[in-house]
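If you count the sequence shown from 1, you need to add 91 to reach this note's numbering.
As structure tokens, the structure follows; a few thoughts come after it.
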Amino acid sequence: MPTTQLGPAGSGSAGGYRPTLAGLVIALVVPLIYTLVIGPRLLEPRMPPTAYALVGMAVLWACALALLAVVRRGERAPLSSLGFKPITVGAALLAVGIGVALSLLVPLLSTLANLVIPAPAEGGVLDAARNPAWLLLLGVLTAGFTEEVLFRAYPLERLGPAGRFPLVGFLVGLAVFTVIHAGGWNAAHVIGVVLPLGAILALLYLWRRQIWFVIIVHTVIDLPLVVMAAV
92 MPTTQLGPAG SGSAGGYRPT LAGLVIALVV PLIYTLVIGP RLLEPRMPPT
142 AYALVGMAVL WACALALLAV VRRGERAPLS SLGFKPITVG AALLAVGIGV
192 ALSLLVPLLS TLANLVIPAP AEGGVLDAAR NPAWLLLLGV LTAGFTEEVL
242 FRAYPLERLG PAGRFPLVGF LVGLAVFTVI HAGGWNAAHV IGVVLPLGAI
292 LALLYLWRRQ IWFVIIVHTV IDLPLVVMAA V
């Protein structure tokens, strides 16, 4: 009896595994290709920094919306298969509290990471906070939604043994999440902050199976950047 799940359980997709494979390409491969090749080699040298950042956000939104379309029309699965379920006030407040706690952990993680992996100031939190507050706010909102849909919910729900811990989805999603941040952050921040927080967010999703919960947590973690830029 097969134990590995590829695609939503009971989705009844007419195309077999093909819609889910397309979804995995949209969620994981396209962002990687843009971040590693198209963005830095073709666009960044020819565009102002603000415009380049906006294009990157647009790519993530396009991938997220295309993925949701694949889920509904290709897989013929409900969006609840990605954790899109109503969230209670209590759960939302809990998510805010966890987000605040994790945001307070970021300076400690950054300090420890810089002790182990000495890194230049470029690509750190203070460097990122020099961007306009409105751009950072847009980036925070973009990351909070799109990254949780693309790198957390979809691989966790579509890759892994049914009824067991989705190790493949966990590792693949975490790897892509970490790599796409490597272009804008220094090595200490990526390894010491992005990697552990990505793992925590994945575990929070598996705990709650509620996408809005982790979107709130992720957004609250990143919000201090906006505050730092505004003051």
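By construction, the Cβ of each residue, glycine as well, lies at the ideal position given by its N, Cα and C atoms.
Taking the alpha carbon of A182 as the reference point, which residue from V150, I302, P136 and G289 has its own alpha carbon closest? Of V150, I302, P136 and G289, the residue nearest in Cα terms is I302.
Between which two residues does the beta strand (DSSP E) carrying P252 extend? Looking at the DSSP string, the run of the beta strand (DSSP E) that includes P252 is L250 to P252.
Tell me whether the region 283-294 and the region 253-265 touch, counting them as touching only if at least three CB pairs, one residue from each stretch, are closer than 8 angstroms. The region 283-294 makes contact with the region 253-265, as at least three CB pairs between them are under 8 angstroms.
Would a C-beta distance cut-off of 8 angstroms place E248 and H309 closer than the cut-off? Contact flag unset, no.
Which two residues bound the contiguous alpha helix (DSSP H) that contains Y143? That run of the alpha helix (DSSP H) goes P140 to A160.
What's the C-alpha gap between L115 and R132? Answer to the nearest angstrom: the Cα atoms are 24 angstroms apart.
Candidates I208, P223, R243 and G251: closest to L294 by CA position: Among I208, P223, R243 and G251, the Cα nearest to that of L294 belongs to R243.
Cβ of M138 within 7 angstroms of any heavy atom in the ligand GTP? Absent from the structure shown: the ligand GTP. Ligands present: none.
Which residue comes first and which comes last in the alpha helix (DSSP H) that contains P287? Element bounds for P287: L286 to R299.
Cα separation between I312 and L158? Computed Cα separation, rounded: 25 angstroms.
Under the three-state DSSP convention, the category S102 falls into: Low local confidence applies: a pLDDT of 45 at S102 is under 50, so the model's placement there is unreliable, and no value is given.
Let me know the secondary structure DSSP gives T179 once reduced to three states. When secondary structure is reduced to three states using DSSP, T179 falls in the coil class, being assigned neither helix nor strand.
Cα-Cα separation, P99 to M148: Distance between the alpha carbons of P99 and M148 is about 27 angstroms.
Whole-angstrom Cβ separation of A279 and N205, contact assumed at under 8 angstroms? By a beta-carbon distance limit of 8 angstroms, A279 contacts N205. Their separation comes to about 5 angstroms.
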